[in-house]
Structure formats: C-alpha cells, structure tokens
Amino acid sequence: MEMIREAAEFLSGACREGKHILILCHYNADPDAVASATVLSDILRSMGASVRAGAAESISSQAQALLEAYGRSLEVNPAINEDLVVLVDTSSFEHLGSFGSTLRASGVPIAVIDHHRPVEEMRAISRFHIVMEEFPSESELVLKLATEMGVKLTPEQASLLLAGIMSDTGFFRLARPETFQAVNELLNAGADYERITGIMRPPEDFPKRVAMLKGAGRSELHKVHGRLIVFSELGSFEGEMANVLLRIGADVAFVGSEASDGVRMSGRARPEFIKETGLHLGEIMEAIGKAFSGSGGGHAGAASFTGKGTYESVKSELLKEIERRLSKVGAGHTPREDEEA
Numbered sequence: 088m089e090m091i092r093e094a095a096e097f098l099s100g101a102c103r104e105g106k107h108i109l110i111l112c113h114y115n116a117d118p119d120a121v122a123s124a125t126v127l128s129d130i131l132r133s134m135g136a137s138v139r140a141g142a143a144e145s146i147s148s149q150a151q152a153l154l155e156a157y158g159r160s161l162e163v164n165p166a167i168n169e170d171l172v173v174l175v176d177t178s179s180f181e182h183l184g185s186f187g188s189t190l191r192a193s194g195v196p197i198a199v200i201d202h203h204r205p206v207e208e209m210r211a212i213s214r215f216h217i218v219m220e221e222f223p224s225e226s227e228l229v230l231k232l233a234t235e236m237g238v239k240l241t242p243e244q245a246s247l248l249l250a251g252i253m254s255d256t257g258f259f260r261l262a263r264p265e266t267f268q269a270v271n272e273l274l275n276a277g278a279d280y281e282r283i284t285g286i287m288r289p290p291e292d293f294p295k296r297v298a299m300l301k302g303a304g305r306s307e308l309h310k311v312h313g314r315l316i317v318f319s320e321l322g323s324f325e326g327e328m329a330n331v332l333l334r335i336g337a338d339v340a341f342v343g344s345e346a347s348d349g350v351r352m353s354g355r356a357r358p359e360f361i362k363e364t365g366l367h368l369g370e371i372m373e374a375i376g377k378a379f380s381g382s383g384g385g386h387a388g389a390a391s392f393t394g395k396g397t398y399e400s401v402k403s404e405l406l407k408e409i410e411r412r413l414s415k416v417g418a419g420h421t422p423r424e425d426e427e428a
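Encoded structure:
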C-alpha cells in the first residue's frame, strides 16, 4: 500500500535524523490505542530513535489491565519536549481532551497516522498525515508498518496488537478479510490468543452488570424508515451499552450521558445497516459536534461525540440527522408486517 510505504519512510527518516519522538494516543485510551502506541514506540526505538509513549488524560480500565499483564505502561499527559509528536488512533486535538490544548500550544511538529475519519484541520497543520479508514483497527495498521519497516515482532508485541485488533473489531464482528490474515501473522509471531482472550473478556463485575440492565431499561425505540434506532442514557459504559442494544435488535444505538460540563454520546450501527444505507456514524457525529460546540467522529459503524447541550437536545438532533440522511439514500429495508408492532 502506497500510504503505508510513505508512513514507513517518514518514520524511518525521523529515526535516521535522530529525532526525539513522542507517540501519543487519545484520552480514555482503549486497548487498540495503547497497543498501537506501545508497539510503534518499540519499533522506532529498535531503529535507534529516542521514543516515549503516552496517552492523553486517562487510560481505560481494560487497556490498563492489558498493559499491566505485560508489564508495560504509558505516560499520562506526558511532558512535551520532543522534536516530533506522532498521533496514533487519534484524529484531532479534541480527541486528546484538555491535553489537546497543551499539545497545540507546544508548537511541536505533529504527524498523524490514524484509521478514523480525517479531520481537515489536522491535515492542514500536520508535518505528516495519513488516514486509512479501511483498517478496522490502528493495531492492524501498525502491523503493516512493522512489516514495511522490516521489523520482526516479539511474541509480546504480537499479543498486544492482537488485543488491539480484537478490541476495535468487537471480537472480529467488524473485521475485514485482511484482518484475519493479520491475525494469522500475529499468531505465527507468537501472539498468545488464549491469554489475550482472558484479559479482554474478564468476568463482568457487578456494577457493570447493573449498568447494562439500567441502560436496557431506559432504552427508547424509534422507527425511522423501517429501521430500529434506539437511544439510552447511562453514566458509564456507553459504548458497551450501545453494543448490547445492537445485539438485542437495534439497527443503530446511541447511548449518552449528561454532566455539568456537557454531554457525550456513543453510537454503534450494525454492519449490514451501514452496507445497505451507506450511512457513516463518524460523519454524523462530526456534524453533531459542530452543532453543539464540541467534537465528534469515528468509524462508519462506531463513533462518538462530546459537546455542550443536553442529552435530550442531542438525541433530538441525532434523530433529525438520521431521518434526513435515510430520506436521501432510501432506507434500504422494507419492514414486514410483524415488525410494525
């Protein structure tokens, strides 16, 4: 792939020039973010660069468990003293939370290597910018970079990238054919699938089970052009709750929470809904972000938004946006009579 080659050449050049590099991922970093940041920093360090890896603001509990299992760590809100900051699994300053302002003010050159919907502001200001939306995870992209750069992964690095792929594809629900080729490469490199599965699928604790049940009980069903659009309000586990709503029948699920500083919303969509309608949740959340003085984006089937306003006002605007877009493309689905109940 030409863009993979360009990214490999850019990073190799930075290593040859002796640049000090910070690999940085988004706030509340998930397993895909921490795996890609950790392994990419290892790759560049093996090529002679001085590299640190960090995350903005916080690391999710699942990602922290993954790092601890392998004795690894990321700096949270690291000091920015480098010659270059490489953003991975991160498409904008907003995805860094309040740390985005720190990075912006630092004036340090930025490179973006990502797989989310591109943000034009970042493209304009970045020293180097590639976005490859066809990759369902950043970890799969980092594996391609390692191959292009001639770096052989250790079993630990392969395991971390496998965890990232499993996380961002919803345990392969959103995988593409090439993803399974990548998994095969990682297993051949020594990735421990059994161990990673145990880390990624721990027994659900009591608070999470309670939250999922509350979220299901608060769900609201809206039928839009024969599609089942479901909303729920929950103070935590929004993305996971949205996935649960898909599993029990929703075509699209939005789960949000409202606090004194604003509102956030996570969205998920069934792959067949995306294929039949062509809708892209990342585009929709980006539009919602602009409408509510915040930011939004993501993938076609998984996206999020944070901004000002209330849960109800965002829900209303999302419904209007879904209605408008489905009206343009056609619903792609005619409900049966027994679906009208």
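Quick note: my numbering has the sequence shown finishing at residue 428, numbered continuously throughout.
Note that beta-carbon positions come from the ideal geometry of N, C-alpha and C, so glycine has one too.
Quantities reported herein were computed from a predicted structural model and do not represent experimental measurements.
When you compare only the Cα positions, how much space is there between residue i and residue j?
{"i": "M372", "j": "E93", "result": "29 angstroms"}
{"i": "K310", "j": "L230", "result": "41 angstroms"}
{"i": "S123", "j": "G343", "result": "27 angstroms"}
{"i": "E104", "j": "T241", "result": "25 angstroms"}
{"i": "R355", "j": "I212", "result": "30 angstroms"}
{"i": "M209", "j": "H202", "result": "13 angstroms"}
{"i": "L406", "j": "A95", "result": "42 angstroms"}
{"i": "L183", "j": "R351", "result": "15 angstroms"}
{"i": "M287", "j": "T397", "result": "33 angstroms"}
{"i": "I108", "j": "V172", "result": "6 angstroms"}
{"i": "Q149", "j": "R282", "result": "14 angstroms"}
{"i": "C102", "j": "E291", "result": "42 angstroms"}
{"i": "E426", "j": "R260", "result": "Only weak support is given to the placement of E426: the predicted model assigns it a pLDDT of 46, under 50, and the value that follows is read from those uncertain coordinates. Rounded to whole angstroms, E426 to R260 spans 25 angstroms at the Cα level."}
{"i": "L174", "j": "I200", "result": "6 angstroms"}
{"i": "L154", "j": "E227", "result": "18 angstroms"}
{"i": "E399", "j": "S254", "result": "30 angstroms"}
{"i": "G304", "j": "P223", "result": "31 angstroms"}
{"i": "M219", "j": "I409", "result": "25 angstroms"}
{"i": "E424", "j": "G313", "result": "For E424, the pLDDT reaches just 41, beneath the cut-off of 50, and the residue's location in the model is therefore unreliable, although a value from the coordinates is still provided. Distance between the alpha carbons of E424 and G313 is about 11 angstroms."}
{"i": "S133", "j": "K239", "result": "10 angstroms"}
{"i": "V195", "j": "L300", "result": "45 angstroms"}
{"i": "L308", "j": "E225", "result": "33 angstroms"}
Should residue i and residue j be called a contact, given that it needs their Cβ atoms to be closer than 9 angstroms?
{"i": "F324", "j": "A340", "result": "no"}
{"i": "G257", "j": "N330", "result": "yes"}
{"i": "L98", "j": "A245", "result": "no"}
{"i": "R263", "j": "H386", "result": "no"}
{"i": "G277", "j": "V121", "result": "no"}
According to DSSP, is residue i part of a helix, a strand, or is it coil?
{"i": "I335", "result": "coil"}
{"i": "M209", "result": "helix"}
{"i": "E426", "result": "Below a pLDDT of 50, predicted positions are generally treated as unreliable, and E426, at 46, falls in that range; no measurement from the model is reported."}
{"i": "L315", "result": "strand"}
{"i": "E345", "result": "strand"}
{"i": "T421", "result": "Any answer about T421 is weak, because its pLDDT of 46 lies below 50 and its placement is not dependable; what the coordinates show is given next. Three-state DSSP puts T421 in coil, outside helix and strand."}
{"i": "K407", "result": "helix"}
{"i": "K395", "result": "coil"}
{"i": "I167", "result": "coil"}
{"i": "R103", "result": "helix"}
{"i": "R139", "result": "strand"}
{"i": "L219", "result": "The question names Leu, yet the displayed sequence has Met at residue 219. Three-state result, M219: coil."}
{"i": "L98", "result": "helix"}
{"i": "M453", "result": "This structure does not reach residue 453, given that the chain is present from 88 up to 428, and the question cannot be answered."}
{"i": "E89", "result": "helix"}
{"i": "E144", "result": "coil"}
{"i": "S178", "result": "coil"}
{"i": "D119", "result": "helix"}
Can you tell me whether residue i is buried or exposed, with buried defined as 16 or more other CB within 10 angstroms of its CB?
{"i": "R411", "result": "exposed"}
{"i": "Q268", "result": "exposed"}
{"i": "G237", "result": "exposed"}
{"i": "T284", "result": "exposed"}
{"i": "A140", "result": "buried"}
{"i": "I130", "result": "buried"}
{"i": "A389", "result": "buried"}
{"i": "I316", "result": "buried"}
{"i": "G365", "result": "exposed"}
{"i": "S403", "result": "exposed"}
{"i": "G336", "result": "exposed"}
{"i": "A116", "result": "buried"}
{"i": "P165", "result": "buried"}
Closer than 9 angstroms, CB to CB, is residue i near chain D or not?
{"i": "M328", "result": "Structure shown: chain D not included; a single protein chain is present."}
Cβ contact check for the segment 150-161 and the segment 187-204: 3 or more pairs under 8 angstroms:
no
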